[in-house]
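Peer 1:
Number of protein chains: 2
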Amino acid sequence: MTAEWFDELEVGQHRPYGSYVFTLENIRAFAQKFDPQPFHLDEELGRASVYGGLCASGWHTAAAYMQCCARAVFAARDRLAAQGKDLPPLGPSPGFENLKWLKPVFPGDTVTFAGEVIAKRELNSRPDWGLLTIRNRGVNQHDEAVFEFTSKLLVGRRDGGH
Amino acid sequence: MTAEWFDELEVGQHRPYGSYVFTLENIRAFAQKFDPQPFHLDEELGRASVYGGLCASGWHTAAAYMQCCARAVFAARDRLAAQGKDLPPLGPSPGFENLKWLKPVFPGDTVTFAGEVIAKRELNSRPDWGLLTIRNRGVNQHDEAVFEFTSKLLVGRRDGGH
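Same order as they appear, the protein sequences are chains Z and X. Under numbering that gives the first Met the number 0, the residue at position 127 of the first sequence is numbered 126, and the numbers go up by one with no gaps. Under numbering that gives the first Met the number 0, the residue at position 132 of the second sequence is numbered 131, and the numbers go up by one with no gaps.
1) Counting only Cβ pairs nearer than 9 Å, list the residues of chain B close to Ser18 of chain X.
2) Which class does Thr22 of chain Z belong to by DSSP, given the choice of helix, strand or coil?
3) Please compile the residues from chain X whose C-beta is within a distance smaller than 7 Å of the C-beta of Phe33 of chain Z.
4) Mind checking whether the beta-carbon of Ala55 of chain X lies closer than 7 Å to any heavy atom of the ligand PLP?
5) Taking only runs of the beta strand (DSSP E) that begin and end inside the segment 98-157 of chain X, which ones reach a length of at least 3 residues, in chain order?
6) Can you tell me whether Glu9 of chain X is helix, strand or coil according to DSSP?
7) Who are the near neighbours of Asn147 of chain Z in its chain, counting only those whose CB is closer than 6 Å to its CB and skipping five residues on each side?
8) Mind checking if Gly90 of chain Z is an interface residue toward chain X, Cβ cutoff 8 Å exclusive?
9) Does the segment 26-38 of chain Z come close enough to the segment 117-130 of chain Z to have 3 or more Cβ pairs within less than 8 Å?
10) Return the bridge partner residues of Gly95 of chain Z from the DSSP annotation.
11) With a cut-off of 8 Å, does the C-beta of Val49 of chain Z fall near any C-beta of chain X?
12) Please say whether Val104 of chain X and Phe38 of chain X have beta carbons closer to each other than 8 Å?
13) In this structure, does DSSP put Gly17 of chain X in helix, strand or coil?
14) Which stretch, first to last residue, makes up the alpha helix (DSSP H) that contains Trp58 of chain Z?
Next comes the structure, spelled out in structure tokens:
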């Protein structure tokens, strides 16, 4: 999702998404619902695991990325709308590549997410959309990358490609 | 996560994970928390969107996969433990590749998840673990694939590689 039209986005552009604070409570709540592995729920079993401590489900980190991204993009869309700018439609994501959980995320960690536009491509078959490739990353408070993936996103073209 | 040791898993093996029922309520609850895009929250805005209807966040589908996988693997581990078998440790996933959201998931859809072992590789650097590659898929009640990704997983070797 973007606040800008395809035409306004440039390769190399940095997109800050903000931060998410992981707590024992939200790590356990997500894990209970979706990923009840013992090292996401129990501190002692976490310490005994390969992670060395209770840590967040990787899918929790992914959902936290989405929350930050959505919040940042909606805030930017609101600012642009207040300035009277017209906004692109919210386009679908066909999927992504190479998701990496680089380090465990522990209670108390703050993960700051950002994206970087690494490619853009016009679509002959769908002239009203362009395909954006974004490398997304999450970094903890020790400046260690914990999460990374490359997403594809369809973004509206301002003039419908004409 | 697996119930079997690396040594017992074979390329081509099918791993059924069971089903998840998407409802208006759970789609909206997930979206409100993690992915508040209008087409995940509002039926009218969903109909007006590229998806043609209110649909689930792709991250909700991913979390639903994890829920089904965890439930199936824990049930299998419980069965094996009840038979007196020793179980492999739960290993970490370094990440995955090529996640695809192939079709939107709508309220009322039942998505059935399964995995297939497509590769296994011993690790010289870590003789007590093997690297498993699994192609995971989610199929709706119309037998349409809606979700797919290829995961990597470290799985314990029964004899520590000796």
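For glycine and all other residues, C-beta sits at the position ideal for the given N, C-alpha and C.
Peer 2: Checking against the coordinates, here is how it stands:
1) Among the protein chains in the structure shown, which are Z and X, there is no chain B.
2) coil
3) Ala62, Met65, Gln66
4) Absence of the ligand PLP from the depicted structure is noted, as is the absence of any ligand whatsoever, leaving it without description.
5) 109-121, 128-138, 144-155
6) coil
7) In the sequence as presented, Asn is not what sits at residue 147 of chain Z; that position holds Glu. Here the set comprises Lys99, Arg136.
8) yes
9) no
10) This sequence places Phe at residue 95 of chain Z; Gly is not what is there. Phe95 of chain Z pairs with Z:Ser150, X:Leu98.
11) yes
12) no
13) strand
14) 57-81
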